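Chemist:
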Amino acid sequence: MININNTPWSNLTAEDIKALLCETDGETFFFEFKKDDVRNEKIYKEISAFANTFGGYILLGISDDKTVTGCSNWTEQRIHNVIYNGITPLPDFDVKSFVIDGKTVLVIKIEEGPSPPYITTDGKICERVSSGSMQIKDSAKLSQLYAKYKDQLRRLDNKIGHQDLYREACP
Numbered sequence: 061m062i063n064i065n066n067t068p069w070s071n072l073t074a075e076d077i078k079a080l081l082c083e084t085d086g087e088t089f090f091f092e093f094k095k096d097d098v099r100n101e102k103i104y105k106e107i108s109a110f111a112n113t114f115g116g117y118i119l120l121g122i123s124d125d126k127t128v129t130g131c132s133n134w135t136e137q138r139i140h141n142v143i144y145n146g147i148t149p150l151p152d153f154d155v156k157s158f159v160i161d162g163k164t165v166l167v168i169k170i171e172e173g174p175s176p177p178y179i180t181t182d183g184k185i186c187e188r189v190s191s192g193s194m195q196i197k198d199s200a201k202l203s204q205l206y207a208k209y210k211d212q213l214r215r216l217d218n219k220i221g222h223q224d225l226y227r228e229a230c231p
């Protein structure tokens, strides 16, 4: 997955977020902006899409036109609760908080998931397409996700040298 402003996640600063907002024309394949009033279901959909494709970032407290609006409804704790209760299996994610122009912005980093499909509590499986997230309705796409999962198991099996792992999970 790409880094924000070519900065590793562990070193990310508010200045990196500002630079991203200045340099990008808007949402992209890897970046989604959401205002503070976004519903839980929309967050589930975005996280499912990022985890099922190549990962990405949700920047909460930033509108689609890149205006920093800040967060008062969303907190790191709420994000953790929403993700834990809204997506299965649980994707790899992290959350950081930044103050930009005196307003709190929360950045959620979602890694490409090793165990797709990532499904929302309302049964949706999504993928990232261009600068948006779409529900997968095509069985061929679902087959691709399953193949990705089997490939990940095969690589893990080869890495640890236990041939039974893949055979048990993928008969």
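Mapped onto my numbering, the consecutive letters of the sequence shown carry residue numbers 61 to 231. Just so it is clear, CB atoms sit at the ideal spot from N, CA and C, and this is done for glycine as well. All values reported here derive from a predicted model rather than from experimental measurement.
(1) Could you name the residues of the same chain whose beta carbon sits closer than 6 Å to that of I185, not counting the 5 residues immediately before and after it, in chain order?
(2) Take every Cβ of the region 133-149, pair it with every Cβ of the region 92-104, and state whether three or more of those distances are shorter than 8 Å.
(3) Can you pull the DSSP bridge partners for T148?
(4) Could you give the C-beta distance for I14 and I147, rounded to a whole number, given that I count them as a contact under 8 Å?
(5) Taking three-plus beta-carbon pairs below 8 Å as touching, is the region 106-113 in contact with the region 126-136?
(6) Report buried or exposed for I220, applying the criterion of at least 16 other Cβ atoms within 10 angstroms of its Cβ.
(7) For D97, which residues does DSSP report across the bridge?
(8) Using a Cβ-Cβ cutoff of less than 8 Å, which residues in the same chain neighbour E87 once the five nearest sequence positions on both sides are dropped?
(9) Please report how far the alpha carbon of F153 lies from the alpha carbon of S175, in whole angstroms.
(10) For I118, count the other beta carbons within 10 Å of its own beta carbon; 16 or more makes it buried, fewer makes it exposed. Which is it?
Modeler: Result, derived from the coordinates:
(1) Taken in chain order, the residues that qualify are P177, I179 and I196.
(2) Enough Cβ pairs lie closer than 8 Å, so yes.
(3) Per DSSP, I179.
(4) Nothing can be reported for residue 14, as the shown portion of the chain is limited to 61 through 231.
(5) Contact between the region 106-113 and the region 126-136 is absent, because fewer than three Cβ pairs lie under 8 Å.
(6) Under this definition I220 is an exposed residue.
(7) None, per the DSSP bridge assignment.
(8) Setting aside the 5 residues that flank it on each side, E87 is surrounded in the same chain by F93, D124, S191 and G192, each with a C-beta closer than 8 Å to its C-beta; the list follows chain order.
(9) In this structure, the straight-line span from the alpha carbon of F153 to that of S175 is close to 14 Å.
(10) Using a 10 angstroms sphere on the CB of I118, the tally of other CB atoms reaches 16 or more, which defines it as buried.
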